[in-house]
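Heads up: the structure comes next, in structure tokens.
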Amino acid sequence: MASSRARPKKPDRLEQQLLDTVRGAVARAALAPTAAAAGDGQALRHQSKTTRRTPNQTVALALSGGRDSMALLELLSRLAATRGTGIRRVIAIHIHHGLSRNADAWQAHCEAECERRGVPLAVRRVEVKRRGRGIEAAAR
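Position 111, counted from 1, in the sequence shown is what our numbering calls 300; the numbers after and before it change by one each time, with no gaps.
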């Protein structure tokens, strides 16, 4: 008897490679000494000029469910779980445009992945009015 629940799709080779790369970068960042601990004043000055972030901030992520936003979800959720990264909490936002017949599946995918990582997800359904340079441009 077929199950009414769809099985989660296995990541393809490219997706798995991307996830492995992100996971490796997060692991290395967690183990690497900070510029201040290494005594590298120039790197610290550069970091303070370029990052301008406040410690323990909340980061909001626009989550489509595609590879790029899922890689960011993985990276940010790991950074939030690592002390000293400046990221205290991650929240995700998914906009359900209803433009694709797969829109409900994309939403379910986002919900499952956020739940797996303990990341709160806000979902908003919107109605896109067709105008301008096409439906996708109008949705943006």
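A virtual CB, placed ideally from N, CA and C, is assigned to each residue, including glycine.
Residue 283 sits in a strand when the DSSP states are folded into three classes. Secondary structure at residue 311: strand, using DSSP grouped into helix, strand and coil. According to the DSSP secondary-structure assignment, residue 247 is paired through a beta bridge with 278. Its chain contains 252 as the residues whose beta carbon lies nearer than 6 angstroms to that of residue 258, once the 5 sequence neighbours on both sides are disregarded; these appear in chain order. Here the alpha carbons of residue 254 and residue 312 stand approximately 12 angstroms from one another. Assigned with DSSP and collapsed to three states, residue 270 falls in coil, not helix or strand. One thing to note: residue 280 has its Cβ no nearer than 7 angstroms to the Cβ of residue 269. Taking the C-beta atoms as reference points, residue 261 is found no nearer than 7 angstroms to residue 248. For residue 261, the secondary structure class from DSSP, reduced to helix, strand or coil, is helix. The DSSP-derived three-state label of residue 302 is helix. The residue among 256, 283, 263, 274 with its C-alpha nearest the C-alpha of residue 246 is 274.
Excluding sequence positions up to five before and after residue 278, its CB lies within less than 7 angstroms of the CB of 247, 269, all in the same chain and listed in chain order. Nearest Cα to residue 288 within the set 307, 310, 256, 316: 316.
A check of alpha carbon separations from residue 267 across 306, 299, 300 identifies 306 as the nearest.
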